[in-house]
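Structure first, commentary second.
Numbering (the working numbering), first residue to last: 63 to 337.
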């Protein structure tokens with residue numbers, strides 16, 4: 063059994079198919095039992111800078127769907143809106159992160175990350191937060207099929223990913239809506255589409271689902287025949303549905319994320335030619 067990866071023109075098309083019951087049971091019959099947020103502040107040992115994360119997660123039966131948000135931007139009422147609500151209602155919620163988390167929970171419920179759905183499990187060893195971050199970065203960057211010297215647009219700056227690209231002899235342009243500089247004082251662009259014109263491939267965070275920038279980047283990759291690899295804590299069950307529709311590979315990391323536990327973990331890789 064493989065995932066239905068019909069030619070969705072946009073994220074909204076996928077939502078419409080789910081609401082119509084085309085990919086599984088009627089979402090109006092599936093209710094969110096638990097809604098919660100996870101907040102994190104981190105500065106890895108040996109690194110000079112840190113960052114914060116905030117993630118909205120929704121529990122549907124055995125599945126958890128997640129969407130990262132900018133810290134402090136999620137209204138306090140969001141959890142009350144979600145808990146006990148049916149998925150169909152949440153797919154029409156005015157907040158995009160709620161819609162993404164609900165979609166992610168539903169798709170993880172109907173097609174869990176498993177080899178029969180095209181997923182390749184990759185074990186992450188136990189270790190420090192930095193060791194696990196670097197292990198995940200290697201697993202993500204291995205999905206790029208590029209010669210040394212190629213340039214990768216990295217949307218959603220993760221220093222371990224930049225390290226892993228350099229180790230492979232790949233150049234990169236870091237991009238993030240917040241701007242700033244990387245750990246190595248490299249300037250971070252804020253206009254991903256403009257930067258994409260100067261890159262051979264795209265390595266993009268699933269957070270783009272929650273801020274509305276995913277579809278333009280996917281269309282760019284599709285139009286120009288560029289590899290688009292997604293690393294996804296946000297929308298880990300959503301993004302594999304776009305394989306072959308601009309997305310060439312996905313490293314899916316459902317909740318709980320690697321930074322929550324020092325023990326061993328697992329992530330799931332999907333490739334366009336393995337479906």
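Don't be surprised by glycine CBs; every beta carbon is placed ideally from N, CA and C.
Check, Outcome
"Enclosing beta strand (DSSP E) for residue 233 [first to last residue]", "233-237"
"Whole-angstrom C-beta distance between residue 325 and residue 188, which should lie under 8 Å", "5 Å"
"Which of helix, strand or coil DSSP assigns to residue 255", "helix"
"Under the three-state DSSP convention, the category residue 261 falls into", "coil"
"Cβ neighbour criterion (16 or more within 10 Å) applied to residue 91", "exposed"
"Three-way DSSP call (helix, strand, coil) for residue 63 in this model", "Note that residue 63 scores 48 on pLDDT, short of 50, meaning its location in the model is unreliable and no value can be drawn from it."
"Exposed unless 16 or more other CB atoms sit within 10 angstroms - verdict on residue 87", "exposed"
"Helix, strand or coil at residue 130 [DSSP, three-state]", "strand"
"Burial state of residue 159, where buried means 16 or more other Cβ atoms lie within 10 Å", "buried"
"Burial state of residue 252 (16 or more Cβ within 10 Å)", "exposed"
"Counterpart residues of residue 330 in DSSP-defined beta bridges", "183, 314"
"Beta-carbon proximity check, residue 208 vs residue 163, cutoff 8 Å", "no"
"Cβ-based neighbour list, residue 243, same chain, cut-off 8 Å, excluding 5 preceding and 5 following", "249, 250"
"Among 123, 76, 127, 233, the one whose alpha carbon lies nearest that of residue 269", "127"
"C-alpha distance - residue 182 paired with residue 310, whole-angstrom precision", "14 Å"
"Same chain, Cβ closer than 7 Å to residue 308, five either side skipped, listed in chain order", "280, 281, 283, 284, 290"
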